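Peer 1: Quick one: structure below, then a few questions.
2 protein chains.
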Amino acid sequence: MKNILIVGCGLIGSSVLRAVYHKKIFKNIFVLEKSKKNISIIRKLNIRCKIFKNIKNISTNIDLIILCTPMSQYSSTILKINKLVTSKTIVTDVGSTKELSFRDVKKKLKKNTTWIPSHPITGSEVSGPQYGDKNLFKNKWCVLIKERNINKVHLSKLQSFWKKLGSKVIFMNSKQHDIIFSITSHLPHLIAYNLVKTATDFETQKKYNLIKFSAGGLRDFSRIAASNEIMWRDIFFNNKKNMISAIDLFIRNLNSFKKDINLKKNKQIIKKLIKTKKVRKQIILLKQDINKPDFGR
Amino acid sequence: MKNILIVGCGLIGSSVLRAVYHKKIFKNIFVLEKSKKNISIIRKLNIRCKIFKNIKNISTNIDLIILCTPMSQYSSTILKINKLVTSKTIVTDVGSTKELSFRDVKKKLKKNTTWIPSHPITGSEVSGPQYGDKNLFKNKWCVLIKERNINKVHLSKLQSFWKKLGSKVIFMNSKQHDIIFSITSHLPHLIAYNLVKTATDFETQKKYNLIKFSAGGLRDFSRIAASNEIMWRDIFFNNKKNMISAIDLFIRNLNSFKKDINLKKNKQIIKKLIKTKKVRKQIILLKQDINKPDFGR
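From first to last, the protein sequence lines are chains A and B.
So in the numbering used here the end of the first sequence lands on 316, straight run, no missing numbers.
So in the numbering used here the end of the second sequence lands on 316, straight run, no missing numbers.
Here is the structure:
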């Protein structure tokens, strides 16, 4: 593959930019970015690439187009990039939900173009190209969406692209993907937002100054609840069906905890608390976190 | 104050032990610890202190007794320590709830003994004396419970004790304390436990392997949900009334989020997500966390 086009150059897009430049994966790097502020940050990186504010000014055929915008912009973007794609082009993305966007993009994309969504499992609560990192994808999972009638040559090229960035590639279909991440990522973020909201509502109701005592637990959730609102609205809306099932299961379990507390059900509660501790051990074994106690930062 | 007795020498007790020894605050340090394993860890610290397995073997009068056991052991402990207290003794603790234990201990403690509960806002998901740290209390809040008819000389002595350990001391009554921490600490912990439980239930139901993708959010909650089960059962049970109100408020808010998602209420959800971001800024301003993005560990 010779030419890459990165569409949207925030935290993830600029990390792709840094990584492909440093690894010398492409001959030409094109960046499409609307924000003046972001463009000025990217220019200061001293990376040899062509930055465009308007897609009309790009005339080269592109081998790999990677969508790094909020998912709500995919539809309008696809209509514009259609003129740059050929049967050799691979279109991918980095979005956090897959079922809806897989269908939507497929419908709008020029016929016979390969569309294989990607989801690198990485990121942070901060946004913007200033936070990008060429090693952001290193040793992280990257899910590739494998649906029926997939172009196997292109799939293998895309897999090799992510491997060059350091990712561990895994295949799922879009339905599986959205179910799994509704629980491991989307619900936890919603819960973090909801917990911080509950604390501020409580502060208003009771006129207590709570926030200064947030080191006891609330602090950790507040970090997650500071994530980008556009990105997370898109995720919650796109994965609506699975989010609602996840919320329902969560509330059912919370009501059961409430009952245990209310009736002081010793055995039940201890059993539950011990079980969650075992999950932590699994997470460390699977290298999803390190086994270092946290005493606050 | 000449003699201190530390009752229970886990993470917090052993941190008090390390701190009072290094700061040379007392002439004699007594430790009451039942667990053989813990005693052997403490001995290896090379701290000059007298360790007792049985309270019967202590015959000195004590100036400061600090309860660092799980709260469910307070009642039985108090009955035993009564023989060591005089009118000059201050009894305190490090427990995370106050209203119930304030009354319970007061009832059982020898008449005219000063009982002023403390709550240092610090800790970790790990337990045991091997994780103790002489700087655990440094720059952390320590709440002292100030109820009516308090002995002011003793209060000032206890305040000075925590200040020597590096804490910032603040006064509350036990009712205020339990309300505030039900939101900033107890609810976040219950939510973390409940989220991990929900993920494992989901894994069982759907037969999906989720845990290996926990870097997307679940990981951070699993750390909190690995905290000591006895300690947290005691907290949930002791602060039952406030926990139930907090859970109810949390579920109300979560149902409102569910509705926003279901009806794709764009404005409402964006407003909520932006508001929680502002709380994060406050938390950093109040030095409850640092302003450093987290990309996983």
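All C-beta atoms, glycine included, are put in the ideal place defined by N, C-alpha and C.
Nothing here was measured: the structure is a model prediction, and the numbers come from that model.
Check phenylalanine 45 (chain B) in the structure and name its three-state DSSP category.
Peer 2: As a working note, residue 45 (chain B) is residue 26 in the second sequence. Note: phenylalanine 45 (chain B) maps to coil in three-state DSSP.
Peer 1: Alpha carbon to alpha carbon, what distance is there between aspartate 308 (chain A) and arginine 316 (chain B)?
Peer 2: Locating residue 316 (chain B) in the second sequence gives position 297, counting from the first residue. Locating residue 308 (chain A) in the first sequence gives position 289, counting from the first residue. In this prediction, arginine 316 (chain B) has a pLDDT of 45, which is less than 50 and means its spatial position is unreliable; nothing more can be read from the coordinates.
Peer 1: What are the residues that DSSP puts in a beta bridge with methionine 191 (chain A)?
Peer 2: Your numbering for residue 191 (chain A) matches position 172 in the first sequence. A:Ile164, per the DSSP bridge assignment.
Peer 1: By the criterion of Cβ-Cβ separation under 9 Å, what are the contact partners of alanine 244 (chain B) in chain A?
Peer 2: Position 225 of the second sequence, counted from the first residue, corresponds to residue 244 (chain B). Per Cβ cutoff of 9 Å: Leu292, Thr295, Lys296, Val298 and Arg299.
Peer 1: Compare the C-beta of asparagine 213 (chain B) with all C-beta atoms of chain A and state if any pair is closer than 7 Å.
Peer 2: Locating residue 213 (chain B) in the second sequence gives position 194, counting from the first residue. It does: the Cβ of asparagine 213 (chain B) has a partner Cβ on chain A nearer than 7 Å.
Peer 1: Taking all protein chains shown into account, decide if aspartate 267 (chain A) is buried (16 or more other Cβ within 10 angstroms of its Cβ) or exposed.
Peer 2: Within the first sequence, the letter at position 248 stands for residue 267 (chain A). Aspartate 267 (chain A) should be labelled exposed.
Peer 1: Using only CA atoms, which one of B:Ile97, B:Gly185, B:Ser59 and B:Ile164 lies nearest to lysine 126 (chain B)?
Peer 2: Position 107 of the second sequence, counted from the first residue, corresponds to residue 126 (chain B). The residue with the shortest Cα to Cα distance from lysine 126 (chain B) is B:Ile97.
Peer 1: Just to confirm my understanding: we take proline 207 (chain B), look at its own chain, exclude 5 residues before and 5 after, and list those with CB closer than 8 Å. What are they?
Peer 2: What you label residue 207 (chain B) is simply residue 188 of the second sequence in a count that begins at 1. Counting only Cβ-Cβ distances below 8 Å, and skipping sequence neighbours, we find Ile243.
Peer 1: With burial defined as no fewer than 16 other Cβ atoms inside 10 Å of the residue's Cβ, what is the status of histidine 41 (chain B): buried or exposed?
Peer 2: Within the second sequence, numbered from 1, the residue matching residue 41 (chain B) stands at position 22. So histidine 41 (chain B) counts as exposed.
Peer 1: Going by C-alpha distance, which of A:Leu304, A:Ile230, A:Asp82 and A:Ile48 is nearest lysine 216 (chain A)?
Peer 2: Taking the first residue of the first sequence as position 1, residue 216 (chain A) is located at position 197. It is A:Ile230.
Peer 1: Leucine 177 (chain A) and threonine 111 (chain A) look like a contact to me (Cβ under 8 Å); what is the Cβ gap, rounded to whole Å?
Peer 2: Position 158 of the first sequence, counted from the first residue, corresponds to residue 177 (chain A). Position 92 of the first sequence, counted from the first residue, corresponds to residue 111 (chain A). Indeed, because the Cβ distance is near 6 Å, the residues count as touching under 8 Å.
Peer 1: Look up isoleucine 109 (chain B) in the DSSP assignment and give the residues it is bridged to.
Peer 2: Sequence index remark: in the second sequence, residue 109 (chain B) carries index 90 (1-based). Looking at the DSSP assignment, isoleucine 109 (chain B) forms a beta bridge with B:Leu83 and B:Thr133.
Peer 1: For glutamate 166 (chain B), return the contacting residues in chain A, with the cut-off set at a CB-CB distance below 8 Å.
Peer 2: Your numbering for residue 166 (chain B) matches position 147 in the second sequence. By Cβ distance, chain A contributes nothing, its closest Cβ being about 18 Å from glutamate 166 (chain B), past 8 Å.
Peer 1: Measuring only from the beta carbon, is tyrosine 212 (chain B) closer than 6 Å to any heavy atom that is part of the ligand ZN?
Peer 2: By its list of ligands, the structure shown contains no ligand whatsoever, and the ligand ZN lies outside what it can speak to.
Peer 1: Measure from the alpha carbon of leucine 60 (chain B) to the alpha carbon of each residue in B:Gln301, B:His173, B:Lys278 and B:Pro148, then state which is nearest.
Peer 2: Taking the second sequence and counting its residues from 1, the one referred to as residue 60 (chain B) is at position 41. Reading off the sequence, residue 60 (chain B) comes out as isoleucine, not leucine. Checked all of B:Gln301, B:His173, B:Lys278 and B:Pro148; the closest Cα to isoleucine 60 (chain B) is B:Pro148.
Peer 1: Go ahead and pull the three-state DSSP assignment for arginine 316 (chain A).
Peer 2: Counting from 1 along the first sequence, the entry for residue 316 (chain A) is found at position 297. Annotation note: pLDDT 45 at arginine 316 (chain A) (below 50); position unreliable, coordinate value reported separately. Arginine 316 (chain A) falls in the coil class under three-state DSSP.
Peer 1: Look at the alpha carbon of phenylalanine 121 (chain B) and the alpha carbon of serine 204 (chain A), and state the distance between them as a whole number of angstroms.
Peer 2: Here residue 121 (chain B) refers to the residue found at position 102 when the second sequence is read from its first residue. Here residue 204 (chain A) refers to the residue found at position 185 when the first sequence is read from its first residue. For phenylalanine 121 (chain B) and serine 204 (chain A), the distance between alpha carbons rounds to 40 Å.
Peer 1: Quick one: measure Cβ to Cβ for serine 201 (chain B) and glutamate 118 (chain B), integer angstroms, because I've assumed they're closer than 8 Å.
Peer 2: In the second sequence, the residue the question calls residue 201 (chain B) occupies position 182. In the second sequence, the residue the question calls residue 118 (chain B) occupies position 99. In fact, because the Cβ distance is near 10 Å, the residues do not count as touching under 8 Å.
Peer 1: Taking all protein chains shown into account, do 16 or more other C-beta atoms lie within 10 angstroms of the C-beta of threonine 88 (chain A), making it buried, or fewer, making it exposed?
Peer 2: For the purposes of this step, residue 88 (chain A) is taken as the residue at position 69 of the first sequence. Result: buried.
Peer 1: What in chain A is Cβ-close to glycine 235 (chain B), meaning under 7 Å?
Peer 2: The residue you call residue 235 (chain B) lines up with position 216 of the second sequence. Within 7 Å Cβ-Cβ: Ile140, Phe200, Thr203 and Ser204.
Peer 1: Say whether chain B places a C-beta atom closer than 7 Å to the C-beta of glutamine 178 (chain A).
Peer 2: The residue labelled residue 178 (chain A) in the question sits at position 159 within the first sequence. No, glutamine 178 (chain A) does not count as interfacial toward chain B.
Peer 1: Could you tell me the alpha carbon to alpha carbon distance between asparagine 247 (chain B) and lysine 291 (chain A), rounded to whole angstroms?
Peer 2: Taking the second sequence and counting its residues from 1, the one referred to as residue 247 (chain B) is at position 228. Taking the first sequence and counting its residues from 1, the one referred to as residue 291 (chain A) is at position 272. Approximately 12 Å between the Cα atoms of the pair.
Peer 1: Are isoleucine 23 (chain B) and phenylalanine 45 (chain B) touching if we call contact CB-CB under 7 Å?
Peer 2: In the second sequence, residue 23 (chain B) corresponds to position 4, counting from 1. In the second sequence, residue 45 (chain B) corresponds to position 26, counting from 1. Cβ distance < 7 Å, so isoleucine 23 (chain B) and phenylalanine 45 (chain B) count as in contact.
Peer 1: With distance defined between alpha-carbon atoms, name the residue in B:Val39, B:Arg271 and B:Lys294 nearest to asparagine 154 (chain B).
Peer 2: Along the second sequence, read from residue 1 onward, the residue named residue 154 (chain B) stands at position 135. Considering only alpha carbons, the answer is B:Val39.
Peer 1: Check each residue of the segment 90-119 of chain A: if its Cβ is closer than 7 Å to any Cβ of chain E, include it; give the result in chain order.
Peer 2: Among the chains of the structure shown, chain E does not appear; the protein chains present are A and B.
Peer 1: Hey, quick one: how far does the beta strand (DSSP E) through phenylalanine 156 (chain B) stretch, first residue to last?
Peer 2: As a working mapping, residue 156 (chain B) is identified with position 137 in the second sequence. Unbroken run through phenylalanine 156 (chain B): none, as it is neither H nor E.
Peer 1: Compile a chain-ordered list of the residues in the segment 119-131 of chain A whose CB is closer than 7 Å to at least one CB of chain B.
Peer 2: none
Peer 1: Determine whether the beta carbon atoms of asparagine 272 (chain A) and asparagine 274 (chain B) lie at a separation below 7 Å.
Peer 2: Reading the first sequence from its first residue, position 253 is the one you call residue 272 (chain A). Reading the second sequence from its first residue, position 255 is the one you call residue 274 (chain B). No; because the gap between Cβ atoms is not below 7 Å, this pair is not in contact.
Peer 1: Cα separation between glutamate 52 (chain B) and serine 78 (chain B)?
Peer 2: Here residue 52 (chain B) is taken as the residue at index 33 of the second sequence, counted from 1. Here residue 78 (chain B) is taken as the residue at index 59 of the second sequence, counted from 1. So the alpha carbons of these two residues sit roughly 16 Å apart.
Peer 1: Which value, in whole angstroms, describes the spacing of the CA atoms of tyrosine 227 (chain B) and arginine 167 (chain B)?
Peer 2: Here residue 227 (chain B) refers to the residue found at position 208 when the second sequence is read from its first residue. Here residue 167 (chain B) refers to the residue found at position 148 when the second sequence is read from its first residue. Rounded to whole angstroms, tyrosine 227 (chain B) and arginine 167 (chain B) show a C-alpha spacing of 56 Å.
Peer 1: Do you know offhand how far phenylalanine 156 (chain A)'s Cα is from glutamate 144 (chain A)'s?
Peer 2: Residue 156 (chain A) sits at position 137 when you count from the first residue of the first sequence. Residue 144 (chain A) sits at position 125 when you count from the first residue of the first sequence. Between phenylalanine 156 (chain A) and glutamate 144 (chain A), the C-alpha separation is close to 16 Å.
Peer 1: So which of B:Ser115, B:Lys75, B:Asn80 and B:Ile81 has the shortest CA-CA distance to serine 91 (chain B)?
Peer 2: In the second sequence, counting from the first residue as 1, residue 91 (chain B) sits at position 72. Looking at the Cα atoms, B:Ser115 is the closest of the given residues.
Peer 1: Chain B beta carbons: is any one of them nearer than 7 Å to that of isoleucine 302 (chain A)?
Peer 2: Looking up residue 302 (chain A) in the first sequence gives position 283. True, the Cβ-Cβ gap to chain B drops below 7 Å.
Peer 1: By a C-beta neighbour count over all protein chains shown, 10 Å radius and 16 as the cutoff for buried, is cysteine 28 (chain B) buried or exposed?
Peer 2: On the second sequence, residue 28 (chain B) is found 9 positions in, with the first residue counted as 1. Cysteine 28 (chain B) is buried by the Cβ-count criterion.
Peer 1: Got a sec: is the Cβ-Cβ distance from alanine 38 (chain B) to anything in chain A below 7 Å?
Peer 2: Reading the second sequence from its first residue, position 19 is the one you call residue 38 (chain B). Not an interface residue.
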